[in-house]
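Trainee: Quick one: the structure is below, questions incoming.
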Amino acid sequence: MKRRALLALLAFAICGCAALPRAFARDALDELQARIIEVNRNVSPAVVHIESAVRVNNRRDLIEGSGFLIDPAGVLLTNWHVVDRAEKVSVIVTGRDGRYDAEIVGTDKQTDVAVLRLVPRAGEPPFAHAKLGDSDKLSVGEWVIAIGNPYGLEGSVSLGIVSAKGRDLRTEQLLNDFIQTDAMIDHGSSGGPLINLRGEVVGINSRGQGRGIGFTIPINTAKRVSGDLLDAGRIARGYLGVTIQPLPRELARYWGEPDVHGVVVGSVARGSPAEAAGIEVGDVLTSFDGEALRAEKDEDLGQFQRLVALKSVGKEVSIEVARGGERRKLRATLAAQPKYVPDEAESAHGFTVEEITEASFRLQRLPRREGVLVSFVEPGSEAAEAGMQRGDLIVEIEKSPIATLDDFRRALGAKKDHPFLLRALRGDDTRFVLVNPRAKAESQPAATSSSVSE
Numbered sequence: 068m069k070r071r072a073l074l075a076l077l078a079f080a081i082c083g084c085a086a087l088p089r090a091f092a093r094d095a096l097d098e099l100q101a102r103i104i105e106v107n108r109n110v111s112p113a114v115v116h117i118e119s120a121v122r123v124n125n126r127r128d129l130i131e132g133s134g135f136l137i138d139p140a141g142v143l144l145t146n147w148h149v150v151d152r153a154e155k156v157s158v159i160v161t162g163r164d165g166r167y168d169a170e171i172v173g174t175d176k177q178t179d180v181a182v183l184r185l186v187p188r189a190g191e192p193p194f195a196h197a198k199l200g201d202s203d204k205l206s207v208g209e210w211v212i213a214i215g216n217p218y219g220l221e222g223s224v225s226l227g228i229v230s231a232k233g234r235d236l237r238t239e240q241l242l243n244d245f246i247q248t249d250a251m252i253d254h255g256s257s258g259g260p261l262i263n264l265r266g267e268v269v270g271i272n273s274r275g276q277g278r279g280i281g282f283t284i285p286i287n288t289a290k291r292v293s294g295d296l297l298d299a300g301r302i303a304r305g306y307l308g309v310t311i312q313p314l315p316r317e318l319a320r321y322w323g324e325p326d327v328h329g330v331v332v333g334s335v336a337r338g339s340p341a342e343a344a345g346i347e348v349g350d351v352l353t354s355f356d357g358e359a360l361r362a363e364k365d366e367d368l369g370q371f372q373r374l375v376a377l378k379s380v381g382k383e384v385s386i387e388v389a390r391g392g393e394r395r396k397l398r399a400t401l402a403a404q405p406k407y408v409p410d411e412a413e414s415a416h417g418f419t420v421e422e423i424t425e426a427s428f429r430l431q432r433l434p435r436r437e438g439v440l441v442s443f444v445e446p447g448s449e450a451a452e453a454g455m456q457r458g459d460l461i462v463e464i465e466k467s468p469i470a471t472l473d474d475f476r477r478a479l480g481a482k483k484d485h486p487f488l489l490r491a492l493r494g495d496d497t498r499f500v501l502v503n504p505r506a507k508a509e510s511q512p513a514a515t516s517s518s519v520s521e
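So the sequence shown is residues 68 to 521, counted in the numbering used here.
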């Protein structure tokens with residue numbers, strides 16, 4: 068019976084669309100259109116427009132993005148990059164007058180998720196809120212709808228499909244396995260919902276690449292992150308303490324291990340759980356806590372990093388290792404992930420520095436752990452004119468050693484209106500940077516305002 072049905076379906080497909088009754092095609096199109104309209108009508112009241120007043124050094128910007136309410140009391144989700152560095156966040160809610168002040172409950176740079184809470188007004192009804200779905204159940208090819216505020220155009224709706232799942236944007240150093248979609252995600256749409264045809268939010272729109280390529284944070288990831296931020300105000304992630312690289316087939320064959328798959332250990336942090344477990348540089352990790360590992364290119368490394376990060380701090384895990392033709396079984400007790408987002412300090416001379424974290428030390432391959440890292444140089448500023456660059460590692464100001472942010476603040480606290488000399492490391496070179504403070508009359512305006520859509 069099944070065989071006859073499949074043969075009939077195949078014959079129908081071969082005959083082509085000419086045999087498809089026009090009425091049936093029209094009905095299917097009408098049904099899809101009606102479903103899109105219904106989903107938009109039900110979900111769009113929960114989609115909000117976000118304005119973040121951001122200040123970096125002397126520059127002030129207004130960052131615009133989207134978000135969506137998930138709770139009648141005013142809790143909403145958006146992207147970390149929409150509210151990063153915000154001094155004040157205002158939210159426009161569909162169908163309500165004016166703007167609401169928003170409290171930042173918590174943010175997570177590693178997943179690009181932020182949780183906000185609106186300050187309610189007396190006597191107003193509960194907020195409309197969206198229903199959250201299960202992103203694990205999404206299928207490639209499934210219809211999805213994106214709602215947001217591209218270029219400030221509120222309530223814009225676009226239709227597309229799930230183009231792929233499990234995309235790993237390695238250049239961003241994020242923990243997400245993104246959903247790829249061709250639904251339009253443009254400037255200002257960041258933080259808005261991606262919705263299935265059942266009206267359930269399956270992702271937070273994060274970034275668009277143009278040409279029908281956009282990336283969305285799976286809603287199951289956002290559920291975990293927002294739950295931790297609402298309950299504890301922070302994210303606790305597991306930490307093993309290794310850097311890794313892929314194991315392409317050529318390297319496996321060269322080592323005489325053509326059938327081995329996994330990740331290659333590039334370094335082991337001092338005092339880390341990996342060191343305590345006996346993991347060594349050059350080991351191939353083939354399994355982590357029962358999950359087989361396979362990474363033949365950089366984009367595959369996210370699997371292992373997510374496996375480690377999602378484990379509880381203090382959990383004992385099993386690790387299988389290939390070393391010199393032998394197989395070993397090790398056990399490690401995971402520690403808490405070291406600080407990922409560094410503290411910063413701004414100067415009055417057009418540059419910002421940040422502390423060196425374990426992550427920045429390893430990822431940027433810094434020559435030392437002491438010093439402060441230049442994270443931003445304002446174009447046209449005194450620092451820019453002196454030749455300072457993002458990524459410079461400042462180790463000395465006016466012959467005073469700089470090891471920490473406090474050292475930096477103290478050293479600059481005494482420098483006001485006269486030139487001062489910085490010594491910085493740039494790659495393998497030492498650079499001497501002489502900053503000449505401008506006279507106040509020559510200084511640029513303290514507040515330059517612009518609007519940027521995310």
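Glycine is no exception: its CB is placed at the ideal position from the N, C-alpha and C atoms. From a predicted model like this one, the values you see are computed outputs, not experimental measurements.
#1: Pull the bridge partners of Arg498 from the DSSP assignment, please.
#2: State the start and end residues of the unbroken alpha helix (DSSP H) segment that holds Gly165.
#3: Give the DSSP bridge partners of Trp210, in chain order.
#4: My output table needs one value for Pro504: the three-state DSSP class, helix, strand or coil.
#5: Flag this pair as touching only if the segment 216 to 233 and the segment 289 to 301 have three or more C-beta atom pairs under 8 Å; answer yes or no.
#6: Quick check: Leu129 and Glu118, are their CB atoms within less than 8 Å of each other?
#7: Take Pro193 as the anchor and find which of Thr248, Ala113, Asp253 and Pro260 has the nearest alpha-carbon.
#8: Is it right to say Pro285 is buried, meaning 16 or more other beta carbons lie within 10 angstroms of its own, or is it exposed?
#9: Output the distance between the C-alpha atoms of Ser414 and Lys466, rounded to the nearest integer angstrom.
#10: Can you tell me where the alpha helix (DSSP H) with Val375 in it begins and where it stops?
#11: Report the residue ranges of all alpha helix (DSSP H) runs contained in full by the segment 440 to 470; include only those spanning at least 4 residues, in chain order.
#12: Secondary structure at Gln312, three-state DSSP: helix, strand or coil?
#13: Distance, Cα to Cα, Arg493 vs Ala453?
#14: To the nearest angstrom, report how far apart Ser427 and Leu460 are at their CA atoms.
#15: Quick check on the burial criterion: 16 or more other C-beta atoms within 10 angstroms. Buried or exposed for Leu74?
#16: Hey, how far is the Cα of Glu425 from the Cα of Gly417?
#17: Assign Asp473 to buried or exposed, taking buried as 16 or more other Cβ atoms, counted over all protein chains shown, within 10 Å of its Cβ.
#18: My parser needs the alpha helix (DSSP H) runs of 4 or more residues fully inside the segment 94 to 167; what are they?
#19: Note down, in chain order, each residue of its chain lying with its Cβ closer than 6 Å to the Cβ of Ala195, except the 5 sequence neighbours on either side.
#20: Within a Cβ cutoff of 6 Å, which residues of the same chain sit near Gly369, ignoring the five residues on either side of it in sequence?
#21: Does the beta-carbon distance from Ser339 to Val348 come in below 8 Å?
#22: With a threshold of 16 other CB atoms inside 10 Å of the CB of Tyr167, please say whether the residue is buried or exposed.
#23: So for Thr288, helix, strand or coil by DSSP?
#24: Could you compute how far the alpha carbon of Arg102 sits from the alpha carbon of Leu264?
#25: Is the beta carbon of Val156 sitting closer than 8 Å to the one on Leu183?
#26: Between Arg476, Arg373 and Arg361, which lies nearest to Leu242 when the distance is taken from Cα to Cα?
#27: Does the contact criterion of 3 or more C-beta pairs under 8 Å hold for the segment 255 to 263 versus the segment 142 to 151?
#28: If we count the other Cβ atoms within 10 Å of its Cβ and call it buried at 16 or more, is Gly392 buried or exposed?
#29: Which of the three DSSP states, helix, strand or coil, is assigned to Tyr407?
#30: Within the continuous beta strand (DSSP E) that includes Pro260, where are the two ends?
#31: Is the segment 304 to 319 touching the segment 400 to 414, taking contact as three or more C-beta pairs under 8 Å?
Mentor: Taking the geometry as given:
#1: Here residue 498 is taken as the residue at index 431 of the sequence shown, counted from 1. Paired residues: Ala491.
#2: Taking the first residue of the sequence shown as position 1, residue 165 is located at position 98. Taken as a continuous stretch (DSSP letters only), Gly165 belongs to no alpha helix (DSSP H), as it is neither H nor E.
#3: The residue labelled residue 210 in the question sits at position 143 within the sequence shown. Partner(s): Ile228.
#4: Working through the sequence shown from its first residue, we reach residue 504 at position 437. Reduced to three states, the DSSP call for Pro504 is coil.
#5: no
#6: Counted from its first residue, the sequence shown places residue 129 at position 62. Counted from its first residue, the sequence shown places residue 118 at position 51. A contact, by the Cβ cut-off of 8 Å.
#7: Sequence index remark: in the sequence shown, residue 193 carries index 126 (1-based). Of the listed residues, the one whose Cα sits closest to Pro193 is Ala113.
#8: Residue 285 sits at position 218 when you count from the first residue of the sequence shown. That one is buried.
#9: Translated into positions along the sequence shown, residue 414 becomes position 347. Translated into positions along the sequence shown, residue 466 becomes position 399. Roughly 18 Å separates the two Cα atoms.
#10: Counting from one through the sequence shown, the residue named residue 375 turns up at place 308. Val375 -> alpha helix (DSSP H) spans Gly369 to Ala376.
#11: 449 to 452
#12: Locating residue 312 in the sequence shown gives position 245, counting from the first residue. It is a strand residue.
#13: Here residue 493 corresponds to residue number 426 of the sequence shown, with the count starting at 1. Here residue 453 corresponds to residue number 386 of the sequence shown, with the count starting at 1. Roughly 14 Å between the two C-alpha positions.
#14: As a first step, residue 427 is located in the sequence shown; it is residue number 360 there, counting from the start. As a first step, residue 460 is located in the sequence shown; it is residue number 393 there, counting from the start. Each residue's alpha carbon lies about 12 Å from the other.
#15: Reading the sequence shown from its first residue, position 7 is the one you call residue 74. The predicted model places Leu74 with a pLDDT of 42, which falls under 50 and marks its position as unreliable, so this point remains unresolved.
#16: On the sequence shown, residue 425 is found 358 positions in, with the first residue counted as 1. On the sequence shown, residue 417 is found 350 positions in, with the first residue counted as 1. Glu425 and Gly417: Cα-Cα distance of roughly 26 Å.
#17: By 1-based counting over the sequence shown, the position of residue 473 is 406. Burial call: exposed.
#18: 147 to 150
#19: Within the sequence shown, numbered from 1, the residue matching residue 195 stands at position 128. The answer, listed in chain order, is Pro112 and Ala113.
#20: Within the sequence shown, the letter at position 302 stands for residue 369. Result list for Gly369: Asp235, in chain order.
#21: Translated into positions along the sequence shown, residue 339 becomes position 272. Translated into positions along the sequence shown, residue 348 becomes position 281. No. Outside cutoff.
#22: Within the sequence shown, residue 167 is the residue found at index 100, counting from 1. With 16 or more other Cβ atoms within 10 Å, it is buried.
#23: Taking the sequence shown and counting its residues from 1, one reaches residue 288 at position 221. Reduced to three states, the DSSP call for Thr288 is helix.
#24: By one-based count along the sequence shown, residue 102 stands at place 35. By one-based count along the sequence shown, residue 264 stands at place 197. Rounded to the nearest angstrom, the two C-alpha atoms are 7 Å apart.
#25: To locate residue 156, count along the sequence shown from 1; it is residue 89. To locate residue 183, count along the sequence shown from 1; it is residue 116. Yes, Cβ-Cβ distance for Val156 and Leu183 is below 8 Å.
#26: Locating residue 242 in the sequence shown gives position 175, where the first residue counts as 1. Per the Cα distances, Arg373.
#27: yes
#28: On the sequence shown, position 325 is the one that residue 392 refers to. Looking at its Cβ environment, which holds fewer than 16 other Cβ atoms inside 10 Å, Gly392 is exposed.
#29: Taking the first residue of the sequence shown as position 1, residue 407 is located at position 340. Tyr407 falls in the coil class under three-state DSSP.
#30: Locating residue 260 in the sequence shown gives position 193, counting from the first residue. Pro260 -> beta strand (DSSP E) spans Pro260 to Asn263.
#31: yes
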